[in-house]
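A quick write-up on the structure given underneath.
Number of protein chains: 2
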Amino acid sequence: MQRIVGHGLSISLDGFAAGPDQSHEAPLGVGGEKLHEWAFATRSMRHLHGMEGGDEDSVDDRWARRSLEGIGATIVGRNMFGPVRGAWGDSGWRGWWGDAPPFHHPVFVLTHHAREPLEMQGGTTFHFVDGADAALDSAREAAGGLDVRVAGGATTVRQFLAIGAFDELHVAIVPVLLGRGTPLFGHGLDLTEHYEVARWEAGERAHHVLLARTQRD
Amino acid sequence: MQRIVGHGLSISLDGFAAGPDQSHEAPLGVGGEKLHEWAFATRSMRHLHGMEGGDEDSVDDRWARRSLEGIGATIVGRNMFGPVRGAWGDSGWRGWWGDAPPFHHPVFVLTHHAREPLEMQGGTTFHFVDGADAALDSAREAAGGLDVRVAGGATTVRQFLAIGAFDELHVAIVPVLLGRGTPLFGHGLDLTEHYEVARWEAGERAHHVLLARTQRD
Chain A
117 MQRIVGHGLS
127 ISLDGFAAGP
137 DQSHEAPLGV
147 GGEKLHEWAF
157 ATRSMRHLHG
167 MEGGDEDSVD
177 DRWARRSLEG
187 IGATIVGRNM
197 FGPVRGAWGD
207 SGWRGWWGDA
217 PPFHHPVFVL
227 THHAREPLEM
237 QGGTTFHFVD
247 GADAALDSAR
257 EAAGGLDVRV
267 AGGATTVRQF
277 LAIGAFDELH
287 VAIVPVLLGR
297 GTPLFGHGLD
307 LTEHYEVARW
317 EAGERAHHVL
327 LARTQRD
Chain B
117 MQRIVGHGLS
127 ISLDGFAAGP
137 DQSHEAPLGV
147 GGEKLHEWAF
157 ATRSMRHLHG
167 MEGGDEDSVD
177 DRWARRSLEG
187 IGATIVGRNM
197 FGPVRGAWGD
207 SGWRGWWGDA
217 PPFHHPVFVL
227 THHAREPLEM
237 QGGTTFHFVD
247 GADAALDSAR
257 EAAGGLDVRV
267 AGGATTVRQF
277 LAIGAFDELH
287 VAIVPVLLGR
297 GTPLFGHGLD
307 LTEHYEVARW
317 EAGERAHHVL
327 LARTQRD
């Protein structure tokens with residue numbers, strides 16, 4: 117059965133999913149890249165990005181692999197796609213990831229500003245959609261029976277958490293402090309309305325927690 | 117050297133150190149008792165409270181023991197001492213813990229309302245002090261060279277975090293969701309100003325993180 121998943125969501129000890137002051141130079145906010153070091157130390161994540169090496173079959177690697185498997189379409193927020201604000205104009209922005217983004221399937225970018233689809237190398241096509249419901253409808257269809265992953269950023273994940281869209285969430289708690297940034301949980305978002313802790317496991321560089329939809333949902 | 121420590125601070129996955137709606141019936145807030153189950157499953161904590169059994173020399177037990185050793189005085193917020201608000205009057209409130217509280221040393225209760233010290237059984241005496249600085253001064257002296265522990269609640273710990281009072285913090289991340297409550301970190305409190313992650317370890321029922329004062333401090 118097709119699911120909506122939030123896999124590989126990394127947060128700091130103080131609860132931030134991105135650092136402060138996001139910019140072209142710091143797309144994950146200042147210090148935000150530390151949240152993803154655990155993933156880029158794994159073979160599965162490095163392989164996806166065309167990089168050699170990495171830990172194989174470690175706890176972190178198994179969670180990284182799990183976060184990537186069985187995904188037929190991805191949804192990302194506008195900030196995760198790029199730093200351009202307002203209308204697209206002739207910005208020519210084609211995402212943070214170069215000519216061959218590491219998705220290899222349709223990716224739906226949330227934006228109020230219409231834009232023609234962008235077909236990239238390696239099977240990724242960026243589609244531009246307005247609103248969470250439209251993104252979910254389009255991504256479900258495009259995924260062809262596979263799961264739909266809401267990949268980020270933090271504000272987008274919170275938007276889908278608020279409407280209880282996820283069937284499953286995998287959160288990686290990373291032992292760093294960011295001090296400021298965008299929180300993933302709390303701040304008025306009550307996760308107990310839809311989710312409960314299903315499993316957790318200590319990895320080499322992160323602690324992994326799986327949240328599942330509560331039975332009463 | 118005498119230190120100010122925040123040991124055994126338990127938070128939920130969504131970052132809360134106490135549940136919502138604290139009351140006489142729910143001193144830790146609704147659901148807040150779940151944050152302390154890891155500690156009460158250990159022999160060290162059970163022993164302190166005069167209870168039998170518990171895991172011995174498990175990872176959680178070692179952290180529980182570490183949180184209790186070498187402490188000569190404790191500081192607690194008014195809410196952690198009791199539900200009485202405003203002037204003490206003739207409330208007769210003597211703390212949540214019965215006649216023999218599990219401290220066995222001087223305990224300094226933050227309150228704007230003066231009150232005579234309360235000598236309890238087993239070596240605990242409650243002293244009532246106005247303000248964090250006064251509490252620190254009195255507790256340092258009373259501890260006689262041992263460490264001073266700021267035990268809670270969350271609002272009190274945040275108050276001491278804000279002034280960079282801690283030399284060391286031990287935070288236990290517990291795999292439960294509370295949804296609402298009192299956060300320990302974030303919400304304007306930038307931990308990176310004073311602290312960094314020194315160590316972390318997965319226990320049986322909680323993940324333990326040790327924060328130490330940064331070198332530049």
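Top to bottom, those sequences are chains A and B. Just so we're aligned, residue 117 is where the first sequence starts under my numbering, counting upward by one. Just so we're aligned, residue 117 is where the second sequence starts under my numbering, counting upward by one. Backbone N, C-alpha and C define an ideal beta-carbon position, used for all residues, glycine too.
Quiz item: Any C-beta of chain B sitting closer than 8 angstroms to the C-beta of Arg-296 (chain A)?
Solution: Mapped onto the first sequence, residue 296 (chain A) falls at position 180. By this cut-off, Arg-296 (chain A) is an interface position.
Quiz prompt | Inside the stretch 240–264 of chain A only - beta strand (DSSP E) runs reaching at least 3 residues | solution = 241–245
Self-check item: Interface residues of chain A facing Val-325 (chain B) [CB-CB closer than 7 angstroms]
Solution: Working through the second sequence from its first residue, we reach residue 325 (chain B) at position 209. The answer, in chain order, is Leu-129, Pro-291.
Quiz item: Which residue comes first and which comes last in the alpha helix (DSSP H) that contains Phe-132 (chain B)?
Solution: Translated into positions along the second sequence, residue 132 (chain B) becomes position 16. Counting along the chain, Phe-132 (chain B) falls outside any alpha helix (DSSP H), though it belongs to the beta strand (DSSP E) covering 132–134.
Quiz prompt | Rounded C-alpha distance that separates Gly-304 (chain B) from Glu-172 (chain B) | solution = To locate residue 304 (chain B), count along the second sequence from 1; it is residue 188. To locate residue 172 (chain B), count along the second sequence from 1; it is residue 56. Gly-304 (chain B) and Glu-172 (chain B): Cα-Cα distance of roughly 39 angstroms.
Exercise. Let me know the secondary structure DSSP gives Asp-152 (chain B) once reduced to three states.
Key: Position 36 of the second sequence, counted from the first residue, corresponds to residue 152 (chain B). The question names Asp, but residue 152 (chain B) in the sequence shown is His. If DSSP states are grouped into helix, strand and coil, His-152 (chain B) belongs with the helices.
Self-check item: Cutoff 8 angstroms: Thr-227 (chain B) Cβ touching any chain A Cβ
Solution: As a working note, residue 227 (chain B) is residue 111 in the second sequence. Output row for Thr-227 (chain B): interface = no.
Quiz item: Asp-176 (chain B) to Leu-129 (chain A), Cα distance in whole Å?
Solution: Residue mapping note: residue 176 (chain B) aligns to position 60 of the second sequence, counting from 1. Residue mapping note: residue 129 (chain A) aligns to position 13 of the first sequence, counting from 1. One C-alpha to the other measures close to 19 angstroms.
Practice problem: Report buried or exposed for Ala-230 (chain A), applying the criterion of at least 16 other Cβ atoms within 10 angstroms of its Cβ. | Solution: Within the first sequence, residue 230 (chain A) is the residue found at index 114, counting from 1. Looking at its Cβ environment, which holds fewer than 16 other Cβ atoms inside 10 Å, Ala-230 (chain A) is exposed.
Exercise. Go ahead and pull the three-state DSSP assignment for Glu-141 (chain B).
Key: Within the second sequence, numbered from 1, the residue matching residue 141 (chain B) stands at position 25. Residue state, collapsed to three classes: coil.
Practice problem: Going by DSSP, name the residue or residues bridged to Ala-189 (chain A). | Solution: In the first sequence, counting from the first residue as 1, residue 189 (chain A) sits at position 73. According to DSSP, which records beta bridges pairwise, Ala-189 (chain A) is partnered with A:Val-264.
Self-check item: Residues, ordered as in the chain, of the stretch 298–314 of chain B that lie near chain A by beta-carbon distance below 9 angstroms
Solution: Pro-299, Leu-300, Phe-301, Gly-302, His-303, Gly-304, Leu-305, Asp-306, Leu-307, Thr-308, Glu-309, Tyr-311, Glu-312, Val-313
Practice problem: State whether the stretch 263–271 of chain B contacts the stretch 253–262 of chain A, with contact taken as three or more CB pairs (one from each stretch) at a distance under 8 angstroms. | Solution: no
Quiz item: Is it a yes or a no for the stretch 156–170 of chain B touching the stretch 226–244 of chain B, going by three-plus beta-carbon pairs under 8 angstroms?
Solution: no
Self-check item: Validate contact between the stretch 198–211 of chain A and the stretch 283–294 of chain A using beta carbons, cut 8 angstroms, 3 pairs
Solution: no
Quiz item: Ordered along the chain, which non-local residues of its own chain (more than five positions away) have a Cβ less than 7 angstroms from that of Gly-198 (chain B)?
Solution: In the second sequence, residue 198 (chain B) corresponds to position 82, counting from 1. These residues qualify, in order along the chain: Trp-209, Gly-211, Trp-212.
Quiz item: Using a Cβ cut-off of 9 angstroms, which residues of the stretch 168–180 of chain A contact any Cβ in chain E, in chain order?
Solution: The question asks about chain E, but that chain is absent: this structure's protein chains are A and B.
Exercise. Rounded to whole angstroms, what's the CA-CA distance from Leu-144 (chain A) to Ser-126 (chain A)? Just pull it up for me.
Key: The residue given as residue 144 (chain A) occupies position 28 in the first sequence. The residue given as residue 126 (chain A) occupies position 10 in the first sequence. Those two C-alpha atoms are separated by around 11 angstroms.
Quiz prompt | From B:Leu-326, B:His-140, B:Gly-205, residue whose alpha carbon lies closest to that of Ile-289 (chain B) | solution = The residue you call residue 289 (chain B) lines up with position 173 of the second sequence. Residue B:Leu-326 is the option with its Cα nearest to Ile-289 (chain B).
Quiz item: Listing by chain order, which chain A residues have their CB less than 7 angstroms from the CB of Ala-318 (chain B)?
Solution: Locating residue 318 (chain B) in the second sequence gives position 202, where the first residue counts as 1. Neighbours of Ala-318 (chain B) on chain A, chain order: Ala-318, His-323.
Practice problem: Give the single residue among A:Ile-120, A:Ala-134, A:Thr-241 whose Cα lies nearest to the Cα of Gly-295 (chain A). | Solution: Translated into the one-based positions of the first sequence, residue 295 (chain A) becomes position 179. Closest option to Gly-295 (chain A), Cα to Cα, is A:Ala-134.
Quiz item: Do you know offhand how far Ala-84 (chain A)'s Cα is from Gln-331 (chain A)'s?
Solution: Shown here, chain A extends from 117 to 333; a query on residue 84 (chain A) therefore has no answer.
Quiz prompt | Nearest-angstrom beta carbon gap, Pro-218 (chain A) and Ala-189 (chain A) [assumed within contact, 8 angstroms] | solution = The residue labelled residue 189 (chain A) in the question sits at position 73 within the first sequence. The residue labelled residue 218 (chain A) in the question sits at position 102 within the first sequence. Rounded, the Cβ-Cβ distance is 14 angstroms, inconsistent with contact.
Practice problem: Return the CA-CA distance between Gly-302 (chain A) and Gln-275 (chain B), expressed in angstroms with no decimal places. | Solution: Here residue 302 (chain A) corresponds to residue number 186 of the first sequence, with the count starting at 1. Here residue 275 (chain B) corresponds to residue number 159 of the second sequence, with the count starting at 1. If you take the alpha carbons of Gly-302 (chain A) and Gln-275 (chain B), they lie about 20 angstroms apart.
Quiz item: Is Arg-182 (chain A) helix, strand or coil when you go by DSSP?
Solution: Start at 1 with the first residue of the first sequence, and residue 182 (chain A) comes out as number 66. Looking at Arg-182 (chain A) - three-state DSSP - the assignment turns out to be helix.
Quiz prompt | Every unbroken beta strand (DSSP E) within the stretch 202–242 of chain B, with a cutoff of 3 residues, ordered by chain | solution = 222–226
Quiz item: Can you tell me whether DSSP reads Ser-160 (chain A) as helix, strand or coil?
Solution: Numbered from 1 along the first sequence, position 44 holds the residue referred to as residue 160 (chain A). Helix, per DSSP.
Quiz item: So Ala-278 (chain B) is in the alpha helix (DSSP H); what residue range does that whole segment cover?
Solution: Position 162 of the second sequence, counted from the first residue, corresponds to residue 278 (chain B). Taken as a continuous stretch (DSSP letters only), the alpha helix (DSSP H) holding Ala-278 (chain B) covers 270–278.
Practice problem: Name, in chain order, the residues that DSSP records as bridge partners for Ser-128 (chain B). | Solution: Counted from its first residue, the second sequence places residue 128 (chain B) at position 12. Partner(s): B:Val-290.
Practice problem: Measure the CB-CB distance between Gln-138 (chain A) and Asp-263 (chain A) and report whether it falls below 8 angstroms. | Solution: Walking along the first sequence from the start, residue 138 (chain A) turns up at place 22. Walking along the first sequence from the start, residue 263 (chain A) turns up at place 147. No. Outside cutoff.
Practice problem: Would you list the one or two residues that DSSP bridges to Pro-299 (chain B)? | Solution: To locate residue 299 (chain B), count along the second sequence from 1; it is residue 183. Pro-299 (chain B) is bridged to B:Phe-132.
Exercise. For Leu-300 (chain A), I'd like the list of residues in its chain whose CB is within less than 6 angstroms of its CB, leaving aside the five on either flank, ordered along the chain.
Key: Start at 1 with the first residue of the first sequence, and residue 300 (chain A) comes out as number 184. Same-chain partners within the cutoff: Ile-127, Ala-133, Ala-270.
Exercise. Leaving out five residues on either side along the sequence, give the residues of the same chain with a beta carbon under 8 angstroms from the beta carbon of Gly-170 (chain B).
Key: Numbered from its first residue, the second sequence carries residue 170 (chain B) at position 54. For Gly-170 (chain B), where only same-chain residues beyond five positions count, the Cβ hits under 8 angstroms are Phe-156, Ala-157, Thr-158, Arg-159, Ser-160, Met-161, Arg-162, His-163, Asp-177.
Self-check item: According to DSSP, residues forming a beta bridge with Gly-106 (chain A)
Solution: Nothing can be reported for residue 106 (chain A), as the shown portion of chain A is limited to 117 through 333.
Self-check item: Per-residue burial, Gly-297 (chain A) [other beta carbons within 10 Å of its own, 16 or more giving buried]
Solution: Here residue 297 (chain A) corresponds to residue number 181 of the first sequence, with the count starting at 1. Buried: at least 16 other Cβ atoms inside 10 Å.
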